[in-house]
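Visitor: Sending over a structure as structure tokens; questions will come in a sec.
Chains as they are written, first to last, in my numbering: chain A, 1 to 253; chain B, 1 to 197.
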């Protein structure tokens, strides 16, 4: 049976893992290679490394960090942040990433999705959508949540799929870092709109939140960062709780 | 030396990295001459079935068939396994190796496609050399939109919108639909079994 995926996210700034609340108040949480390996042996189904300061500082993603993190990692590994061109993506794949996540660059030039998908396959392209509530709808934001785009998140998800995206990484800007739970309404709306897998992100605080986002939110995968880094919930404990609640989970031998 | 055949259809870093971790000597190559000297051949693959036309253009089909004929172990991964069949609905005019009958077909509309994530193996051949030491029900990582039907060579099946072949094995021929290089300890065990053949 296909399981629901639990994805550990490493938000990286200058080669160190950090995690803030709503993208601010960054706290240092350690070395990305060490944390990725620890999460993998604890049962994480995938690792995502996001270079959170790359876009607004116009800095290239740290390929050395990617290479070091990928070296002993044998589960799917996604890298995002600062990927603006096919060449940027190529360098990150060369360094050992399996998928890239693009956000600002895809909004600025949606043909980039197709361009990377044609060269590396759709399975290697995740379009990240940072969505914020705006009345009764959701608006896509870029630059680490700093800039509204005027694009409706649902329409943008559909366009990303039609241009060749293999998955959607959906972050609720309203919930990110709050620990009060995923935005299940947003996740469900996107999941119903596209046929590709949707990864829910933003707001995880306890095991019940994951149950909710898989049930009510119809998410295929859920991502969290600080909840794991500071030992608030271990991945193996979380998976046991989800499995007990009837959610299909993988347990590594 | 294991030849990892590069036909410019995606990223081979992860496959090479997994063999490096196991201490196996590999060469990533797209030349028939290098493939001709290999002790084992791995044909990875992500993306579109049509990309396999590059194998014909590079003169790799004949050398791969010759090596298989001589008994050299061959492992197809993902699209590399699909290419071992006669054809795929994804690109009906592109011929596969036709080592087995049948064709690859798309998932039915009742399930989301692509099939992405960790799914369990139902092992059908207990004597499988490739899956030796792999526990029944072990999870491996898949990402694909087309699937290989059940064959007499099926060593393990998987369930997603119906049963399909997750692993095939016959004599020196091996194929996996999932990505062993991305399937944690289970995947490394499978690659190690291939290295030890």
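The beta-carbon is built from N, C-alpha and C at its ideal position, and this holds for glycine as well.
Can you tell me whether residue 8 of chain B is buried or exposed, with buried defined as 16 or more other CB within 10 angstroms of its CB?
Guide: By the neighbour-count rule (16 or more Cβ atoms within 10 Å), residue 8 of chain B is not buried but exposed.
Visitor: Once you ignore the five residues that flank residue 83 of chain A on each side, which residues in its own chain have a CB closer than 7 Å to its CB?
Guide: Excluding residues within five positions, the ones whose Cβ falls inside 7 Å are 61, 89, 92, 100, 102, 105.
Visitor: Looking at the structure shown, is residue 155 of chain B part of a helix, part of a strand, or coil, going by DSSP?
Guide: Looking at residue 155 of chain B - three-state DSSP - the assignment turns out to be strand.
Visitor: Counting only beta-carbon separations shorter than 8 Å, does residue 23 of chain A have a partner in chain B?
Guide: Residue placement at residue 23 of chain A cannot be trusted, given a pLDDT of 44 that sits under 50; the coordinates are not used to answer.
Visitor: Using the C-alpha atoms, what's the distance from residue 198 of chain A back to residue 219 of chain A?
Guide: Approximately 6 Å, taken between the alpha carbons.
Visitor: Mind listing the chain A neighbours of residue 13 of chain B? Cutoff is C-beta to C-beta under 9 Å, in chain order.
Guide: Ordered by position in chain A, the residues that pass the 9 Å Cβ test against residue 13 of chain B are 70, 93, 94, 95, 96, 97, 98.
Visitor: Going by C-alpha distance, which of B:107, B:72, B:77 is nearest residue 35 of chain B?
Guide: Comparing Cα positions, the closest option is B:72.
Visitor: Please work out which residues of its chain come closer than 7 Å, Cβ to Cβ, to residue 228 of chain A, disregarding the five sequence neighbours upstream and downstream, and give them in chain order.
Guide: Excluding positions up to five away in sequence, the list reads 8, 39, 235.
Visitor: Cβ of residue 33 of chain B less than 8 Å from any chain A Cβ?
Guide: Taking Cβ atoms only, chain A never reaches closer than 8 Å to residue 33 of chain B, which makes this a no.
Visitor: Per DSSP, which one or two residues make a beta bridge with residue 137 of chain A?
Guide: For residue 137 of chain A, which the question treats as bridged, DSSP gives the partners A:134.
Visitor: Might you give, ordered along the chain, the residues of its own chain that have their beta carbon closer than 7 Å to the beta carbon of residue 124 of chain B, omitting 5 neighbours on each side?
Guide: 154, 155, 156, 157.
Visitor: Is the region 170 to 189 of chain B touching the region 133 to 150 of chain B, taking contact as three or more C-beta pairs under 8 Å?
Guide: Short answer: they touch.
Visitor: To which residues does DSSP link residue 78 of chain A through a beta bridge?
Guide: Residue 78 of chain A pairs with A:48, A:99.
Visitor: For the beta strand (DSSP E) that contains residue 36 of chain A, what are its first and last residues?
Guide: Run containing residue 36 of chain A: none in the beta strand (DSSP E); it sits in the alpha helix (DSSP H), 32 to 42.
Visitor: Might you give, ordered along the chain, the residues of its own chain that have their beta carbon closer than 6 Å to the beta carbon of residue 58 of chain A, omitting 5 neighbours on each side?
Guide: Note that residue 58 of chain A has pLDDT 43, beneath the 50 cutoff, so the model's placement of it is unreliable and the number below is only indicative. There are no such residues.
Visitor: Return the CA-CA distance between residue 213 of chain A and residue 69 of chain B, expressed in angstroms with no decimal places.
Guide: Taking the straight line joining both Cα atoms gives about 51 Å.
Visitor: Taking only the alpha-carbon atoms, compute the straight-line gap between residue 158 of chain A and residue 113 of chain B and give it to the nearest angstrom.
Guide: One C-alpha to the other measures close to 15 Å.
Visitor: Measure the alpha-carbon distance for residue 254 of chain A versus residue 117 of chain A and round it to whole angstroms.
Guide: The first residue shown for chain A is 1 and the last is 253, placing residue 254 of chain A beyond what the model contains.
Visitor: If we cut at 8 Å on Cβ distances, does residue 32 of chain A have a partner in chain B?
Guide: Output row for residue 32 of chain A: interface = no.
Visitor: Below 8 Å between beta carbons is the criterion; list the residues of the region 158 to 192 of chain A that meet it against any residue of chain B, in chain order.
Guide: Those residues of the region 158 to 192 of chain A that come within reach of chain B (Cβ to Cβ, closer than 8 Å) are 166, 167.
Visitor: Output needed for residue 175 of chain A: all residues of its chain with C-beta closer than 8 Å, excluding positions within five of it in sequence on either side, in chain order.
Guide: Here the set comprises 181, 182, 183, 202, 203.
Visitor: Count Cβ pairs between the region 43 to 59 of chain B and the region 74 to 85 of chain B that sit closer than 8 Å; are there 3 or more?
Guide: Contact holds: three or more Cβ-Cβ distances are below 8 Å.
Visitor: Give a yes or no on whether the C-beta atoms belonging to residue 3 of chain A and residue 252 of chain A are separated by under 8 Å.
Guide: No, the pair does not count as a contact, with Cβ atoms beyond the cut-off.
Visitor: For residue 119 of chain B, report the span of its beta strand (DSSP E) as first-last.
Guide: Per DSSP, residue 119 of chain B belongs to the beta strand (DSSP E) from 115 to 120.
Visitor: Assign residue 197 of chain B to one of two classes, buried (16 or more other C-beta atoms within 10 Å of its C-beta) or exposed (fewer than that).
Guide: Under this definition residue 197 of chain B is an exposed residue.
Visitor: In the region 99 to 123 of chain B, which residues sit with their C-beta less than 8 Å from some C-beta in chain A, listed in chain order?
Guide: Result list: 112, 113, 114, 115, 116, 117, 118, 119, 120.
Visitor: Please classify residue 169 of chain B: is it buried, with 16 or more other beta-carbons within 10 angstroms of its beta-carbon, or exposed?
Guide: Answer is buried; the Cβ neighbour count reaches 16.
Visitor: Between the alpha carbons of residue 51 of chain B and residue 189 of chain A, how many angstroms are there, rounded?
Guide: When rounded, the distance between both Cα atoms is 35 Å.
Visitor: Does the beta carbon of residue 187 of chain B sit closer than 8 Å to a beta carbon anywhere in chain A?
Guide: Residue 187 of chain B counts as touching chain A.
Visitor: Do the region 69 to 81 of chain A and the region 32 to 50 of chain A make contact, defined as three or more Cβ pairs closer than 8 Å?
Guide: Judged by Cβ distances under 8 Å, the region 69 to 81 of chain A makes contact with the region 32 to 50 of chain A, as three or more pairs qualify.
Visitor: Just list the residues that DSSP pairs residue 68 of chain A with in beta bridges.
Guide: Per DSSP, none; premise fails for residue 68 of chain A.
Visitor: Quick one: give me the first and last residue of the beta strand (DSSP E) that residue 147 of chain A is part of.
Guide: Segment 147 to 152, the beta strand (DSSP E) holding residue 147 of chain A.
Visitor: In the DSSP assignment, what are the bridge partners of residue 279 of chain A?
Guide: No information on residue 279 of chain A is available, as it lies outside the stretch 1 to 253 that chain A covers here.
Visitor: Closer than 8 Å between beta carbons: that is the criterion. Which residues of the region 37 to 51 of chain A meet it against chain B?
Guide: Residues passing the 8 Å Cβ filter: 40, 45.
Visitor: Between residue 133 of chain B and residue 107 of chain A, what straight-line distance do the alpha-carbon atoms span, to the nearest angstrom?
Guide: Their backbone Cα atoms lie some 47 Å apart in a straight line.
Visitor: Using the beta-carbon count (16 or more within 10 Å), is residue 177 of chain B buried or exposed?
Guide: By the neighbour-count rule (16 or more Cβ atoms within 10 Å), residue 177 of chain B is buried.
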